[in-house]
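In what follows, a single structure is set out as structure tokens and then discussed.
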Amino acid sequence: MLVAIHGAAVLKNGILNPAINSLISRVRHTNTLVIADRGFPFWPAIETVDIALIDDIPRVLDVFFAIRCNFSIGRVFMAEEFIAANKPETRTRFENAMKELAIVYEPHQTFKTRVPGSIGLIRTADTVPYANIILESA
Numbered sequence: 099m100l101v102a103i104h105g106a107a108v109l110k111n112g113i114l115n116p117a118i119n120s121l122i123s124r125v126r127h128t129n130t131l132v133i134a135d136r137g138f139p140f141w142p143a144i145e146t147v148d149i150a151l152i153d154d155i156p157r158v159l160d161v162f163f164a165i166r167c168n169f170s171i172g173r174v175f176m177a178e179e180f181i182a183a184n185k186p187e188t189r190t191r192f193e194n195a196m197k198e199l200a201i202v203y204e205p206h207q208t209f210k211t212r213v214p215g216s217i218g219l220i221r222t223a224d225t226v227p228y229a230n231i232i233l234e235s236a
């Protein structure tokens, strides 16, 4: 929803960040988008939107929930190291967030080979080890 204020259009709800809106609008069938934690490597070949503020603000799942209503997700890719590196509560939080989606766990090195083909990367301030996700559009 756009509202005109003194001649300018202002977003009132949904994703307010114009760079993230731009990334999402360019995703097509089977394209991917990366949501990464604060320690994920920089990839100069793809557009990166860095929204890290302070530790854990925002988190990967915060961004996932925010963009989910505007993104038709077919599969989610995660590093299999996420399972061993995190407590059951953390794993359950991620699994519950994506419970109706197909999650593909693969070695972190394999996961990283998918990144250069992505539309873009959103870097968060998440401190959860291996919290990175790659969303593949349906």
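Using this note's numbering, you'd call the opening residue of the sequence shown number 99 and step up by one each time. All C-beta atoms in this analysis are idealised placements derived from N, C-alpha and C, irrespective of residue type, glycine included.
What do you get for residue i, buried or exposed, if any count of 16 or more other CB atoms within 10 angstroms of its CB means buried?
| i | result |
| --- | --- |
| V135 | In the sequence on display, residue 135 carries Asp and not Val. By the neighbour-count rule (16 or more Cβ atoms within 10 Å), D135 is buried. |
| A229 | buried |
| F209 | buried |
| L159 | buried |
| S170 | exposed |
| R126 | exposed |
| R124 | exposed |
Residue i bridges to which residues according to DSSP?
| i | result |
| --- | --- |
| R124 | Paired residue(s): none; R124 is not in a bridge. |
| T130 | E234 |
| T146 | L219 |
| R59 | One cannot answer for residue 59 here, as it falls past the ends of the chain, which runs 99 to 236. |
| I240 | This structure gives no information on residue 240, because the portion of the chain shown stretches from 99 to 236. |
Exercise for the section: Evaluate the contact criterion for the stretch 209-223 versus the stretch 130-144: three or more CB pairs, one atom per stretch, below 8 angstroms. Expected result: Counting Cβ pairs under 8 angstroms, three or more are found: they touch.
Problem - Cβ pair count under 8 angstroms reaching 3, the stretch 111-131 against the stretch 139-156 - result: By the Cβ test, the stretch 111-131 is in contact with the stretch 139-156, since at least three Cβ pairs between them sit closer than 8 angstroms.
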